[in-house]
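First up is the structure itself, then whatever we jot down about it.
2 protein chains.
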Amino acid sequence: MMQRITIKDLATMLNLSTSTISRALSDHPDISEATRNRVKETAKRLNYRTNLQARFFRKKHSGLIALILPEINMFYHPSLIEGVNAAIAETPYSLVMFQTNNSIKQEKEAIEQCIRWAVEGVMISGTINTNKYSMAHLEELALANIQCIMYDRVIPDSSLPMLTIDNADCAKKGVNILLEHGHRNILGIFANVSLAITQERMEGFKQAFRDLGLVPNPDHIITVERPSLLDNILPVLLSNHIFSGIFTMTDELLYFTTNNIRKLNLAIPEDLSIVSISDGVFPNHYYPKITYIEDSGKRMGQAVLAQTIKNINNSNKEKQIHYLPTEIVWAHSVKGIEQ
Amino acid sequence: MMQRITIKDLATMLNLSTSTISRALSDHPDISEATRNRVKETAKRLNYRTNLQARFFRKKHSGLIALILPEINMFYHPSLIEGVNAAIAETPYSLVMFQTNNSIKQEKEAIEQCIRWAVEGVMISGTINTNKYSMAHLEELALANIQCIMYDRVIPDSSLPMLTIDNADCAKKGVNILLEHGHRNILGIFANVSLAITQERMEGFKQAFRDLGLVPNPDHIITVERPSLLDNILPVLLSNHIFSGIFTMTDELLYFTTNNIRKLNLAIPEDLSIVSISDGVFPNHYYPKITYIEDSGKRMGQAVLAQTIKNINNSNKEKQIHYLPTEIVWAHSVKGIEQ
DNA sequence: ACCATTCCCGCAAACGATTGCGATAATATT
DNA sequence: AATATTATCGCAATCGTTTGCGGGAATGGT
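Chains A and B are the protein sequences, given in the same order.
Sequential numbering from 45 applies to the first sequence in the numbering used here.
Sequential numbering from 45 applies to the second sequence in the numbering used here.
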């Protein structure tokens, strides 16, 4: 069980002081090129590796950035995590991860761990129950001088930095596609109504109608706590053929919707046109390909990591809200109908 | 910018030594109940939190466990990560994550980071290119006295501890379902052929035939580097109706296969019976529900984390291979045919 | 030949927590 | 009452690295 090589070991071996070793390894100008090379060479030969715990402990920062997820569904989070990982690989930071399972209690514990670890940044997407009245634990981060940034599921009326998309506009663009193709009986399928993003996307849904002088029918808007509940609702809703178009606000809802459409032996887009907000993976591989408004998890992951590091380096305290742009990706799930 | 409260702060405030504070906080019997309570009370009041960096630095371990993933697909890894997170939440360890994108170079860098961080355990699933001849970087972990355990994509002829399922048996059970229902023309769809799990599952596929005295047809076995390549292959293969049954070795392959089946306007199970090895999420939500051999990512995640901690606590050096049991989950994707 | 720079390197403290050992005071034992 | 034991706490070193400061030697300038 060989012990790890330390700077002290190198120092005694080369008859130098630890300070010289340290400076030589970090290319300090005080050290001559000769000894610098000598140090680096033996360091390499002996497989010396800096003890990051010790370095960061001395330097008073941890080199850690935390990612806190409420849950991990198969549609959004794989690409989100991929984006974060891709971005952090270019930096000297490492990623620690916590999953809160939509529990405020677990969210608090995750935050506690972040403070204990002295992570330098926290990227958090709130639980279903996280709102401006249950944010005391998030403010602890500010007290501990830790940068915190909300992404995806943000709390609009908080003062934390936020990274999201323009949810209302995004939904509006999606519904507009259906409206412009002549659809008027459009079913809007939304997630848990207590989420801010749900409310914003619902508002965009309605606004698309109003912009055309139409009145959105509240009966044509449904929200479900869990996507699987659609298996109970959709067979009834779709069997009487009221709707010619469907808008779903997430990939998960889209997935359950397409399954139910198939179960009812309906065809896309012949019987039903459909548009969704989506990460992009599912609609592109589905048959037929589905038209969607892109809300890319990967891009979000990259952006939130970049913004976190930016905030770490210069912590300005003004309120930050960044919106990632979204755009339509066209496919074959919408057909025009005569009115 | 309030500085963090340290043990030293508590010591001066309470007119005690740092050692007393430290011992009081950790319930050392040397400390009287009176001062222990006094210390704990003020620690709580001032929101003192141990600096884990300092503690672990002093105690010579990091409290970190690393998860190294080659990629993150939407089917297996969300539940794997969920399992790991669920299990690690019960422990004092924290999870750091690395993604190698199937690149040996990135895998090496991840390992380097693990050693620098002095993580206590590494859970790794190899890249497509990781084999027994490209494992020098993994042996570095042993030299650094870091427990390493392979899961999912293991290298059978390495000496590292491994956690996997009995791939051959698993595939055999799946194919057997089709054979027992009278199917003889079964298409086997497999992933990248350079992976050990692919070869093992292919072997199980063939063995199922041999067990019944049948000869497996090599033309009925296809392997694809990437699942999306099925979009080019399957339309040709399935259009002449040679096959009555399909076996897919992963969820991803199953997904692309079902899409192609739909594109060809074929029905499950009327036109094609299908069985897969799967995490379980997709087959349960698909319509129709699909019969599968369960290879649960969540359970794998929990198991690999548990085994890692076990190995950290007593590092026995004998070769370890653990197989997680698998079982059939029945649904409605297989119909019996007359021979 | 004298002084001022410059170059190169070492000394020692510091980061925050833990821990072996020793010390004092309180209590128990005979 | 003298000794032994126990209870409670402090001293100081330690983990590996970084860094401000200072010092000696070499170099340059006049």
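Positions of the beta carbon are idealized from the N, C-alpha and C atoms, including for glycine.
Since the model is a prediction, treat every value here as computed from it, not as a measurement.
Handout entry: Any chain A beta carbon closer than 7 angstroms to Met-141 (chain B)
Key = yes
Handout entry: Alpha carbon of Leu-207 (chain B) to alpha carbon of Lys-88 (chain B), nearest angstrom
Key = Looking at the two C-alpha atoms, the distance is approximately 42 angstroms.
Practice task
Would you mind stating whether Ser-392 (chain B) and Val-378 (chain B) have Cβ atoms separated by less than 7 angstroms?
Solution key: Because chain B in this structure spans residues 45 to 383, residue 392 (chain B) falls outside the shown range and cannot be described.
Handout entry: Cβ pair Thr-335 (chain A), Cys-214 (chain A) closer than 7 angstroms
Key = no
Exercise for the section: Within its chain, find whatever has a CB closer than 7 angstroms to the CB of Glu-153 (chain A); leave out the 5 residues flanking it on each side and keep chain order. Expected result: none
Practice task
Please list, in chain order, all residues of the same chain as Ile-209 (chain B) whose beta carbon is under 7 angstroms from its beta carbon, the five residues on each side excluded.
Solution key: Asp-339, Tyr-367, Leu-368 and Thr-370
Practice task
Mind checking which residues open and close the alpha helix (DSSP H) that includes Ser-123 (chain A)?
Solution key: 121-132
Handout entry: Closest residue to Thr-294 (chain A) among A:Gln-351, A:Thr-174 and A:Thr-302 (Cα-Cα distance)
Key = A:Thr-302
Practice task
Residues of the segment 292-314 of chain A with a CB closer than 8 angstroms to any CB of chain B: list them in chain order, please.
Solution key: Look at the segment 292-314 of chain A: the residues with a C-beta under 8 angstroms from a C-beta of chain B are Tyr-299, Phe-300, Asn-303, Asn-304, Arg-306 and Lys-307.
Problem - Residues near Phe-142 (chain A) by beta carbon distance below 6 angstroms, same chain, minus five either side - result: Ile-112 and Ala-154
Exercise for the section: Taking only beta-carbon positions, decide if Ser-106 (chain A) is within less than 7 angstroms of chain B. Expected result: yes
Practice task
Report yes if the C-beta of Asp-53 (chain A) is less than 6 angstroms from at least one heavy atom of the ligand SAH; otherwise report no.
Solution key: Ligands in the displayed structure: none, and consequently the ligand SAH is not present.
Exercise for the section: Within 10 angstroms of the Cβ of Gln-47 (chain A), are there 16 or more other Cβ atoms? Answer buried if so, exposed if not. Expected result: Burial call: exposed.
Problem - Cα-Cα separation between Gln-191 (chain A) and Pro-122 (chain A), rounded to whole angstroms - result: 24 angstroms
Handout entry: Buried or exposed by the 16-neighbour rule on C-beta atoms within 10 Å, applied to Trp-161 (chain B)
Key = Around the CB of Trp-161 (chain B), 16 or more other CB atoms lie within 10 Å, so the residue is classed as buried.
Exercise for the section: Confirm, please, whether the CB-CB distance from Leu-231 (chain B) to Phe-287 (chain B) is below 7 angstroms. Expected result: yes
Practice task
Answer with yes or no whether the minimum CB distance from Trp-374 (chain A) to chain B is below 7 angstroms.
Solution key: no
Practice task
Closer than 7 angstroms by beta-carbon distance: list the chain A residues that pair up with Thr-94 (chain B), in chain order.
Solution key: Arg-160
Problem - Ordered list of alpha helix (DSSP H) runs contained in the segment 122-198 of chain B, each at least 4 residues - result: Correct list: 148-161 and 180-187.
Problem - Contact set between the segment 118-130 of chain B and chain A, restricted to residues whose Cβ is under 7 angstroms from the partner - result: So the close ones are Met-118, Phe-119, His-121, Pro-122, Ile-125, Glu-126 and Asn-129.
Exercise for the section: Spatial neighbours of Met-57 (chain B) within its chain, please: CB distance less than 7 angstroms, with the 5 preceding and 5 following residues excluded, ordered by chain position. Expected result: Thr-86
Handout entry: 7 angstroms Cβ cutoff, Ala-235 (chain B) in contact with chain A
Key = When Cβ-Cβ separations below 7 angstroms define contact, Ala-235 (chain B) makes no contact with chain A.
Exercise for the section: Taking only beta carbons into account, state which residues of the segment 328-357 of chain A come closer than 9 angstroms to chain B, listed in chain order. Expected result: His-329, Tyr-330, Tyr-331 and Pro-332
Practice task
Return the first residue and the last residue of the alpha helix (DSSP H) that Gly-248 (chain A) is part of.
Solution key: 240-255
Exercise for the section: Quick one: using the 10 Å Cβ neighbour count with 16 as the cut-off for buried, is Asn-309 (chain B) buried or exposed? Expected result: exposed
Problem - the segment 181-201 of chain B in contact with the segment 339-353 of chain B per 3-pair CB rule at 8 angstroms - result: When Cβ pairs closer than 8 angstroms are counted between the two stretches, the segment 181-201 of chain B is seen to touch the segment 339-353 of chain B, the count reaching three or more.
Problem - Coil, strand or helix - Ile-290 (chain A) by DSSP - result: strand
Practice task
Could you work out which residue in B:Pro-205, B:Ser-320, B:Gly-248 and B:Asn-284 is closest to Glu-362 (chain B) when comparing CA atoms only?
Solution key: B:Pro-205
Practice task
Please say whether Met-167 (chain B) and Thr-352 (chain B) have beta carbons closer to each other than 7 angstroms?
Solution key: yes
Problem - Residue range of the alpha helix (DSSP H) that includes Thr-352 (chain A) - result: Its alpha helix (DSSP H) spans residues 341-357.
Exercise for the section: With 9 angstroms as the limit, tell me which residues of the segment 160-193 of chain A have their beta carbon closer than that to any beta carbon of chain B; keep them in chain order. Expected result: Arg-160, Trp-161, Ala-162, Glu-184, Leu-187, Ala-188 and Asn-189
Handout entry: Interface partners of Ile-116 (chain B) on chain A, CB under 7 angstroms
Key = Pro-122, Ile-125 and Glu-126
Practice task
Can you give me the Cβ contacts of Gln-251 (chain A) inside the same chain, cut-off strictly under 7 angstroms, excluding the 5 residues immediately before and after it?
Solution key: Ala-212 and Lys-216
Practice task
Answer with yes or no whether the minimum CB distance from Ala-98 (chain B) to chain A is below 7 angstroms.
Solution key: yes
Practice task
Flag this pair as yes or no: are the beta carbons of Ile-116 (chain B) and Glu-269 (chain A) separated by less than 7 angstroms?
Solution key: no
Problem - Residues in the segment 359-370 of chain B having any Cβ partner in chain A nearer than 7 angstroms - result: none
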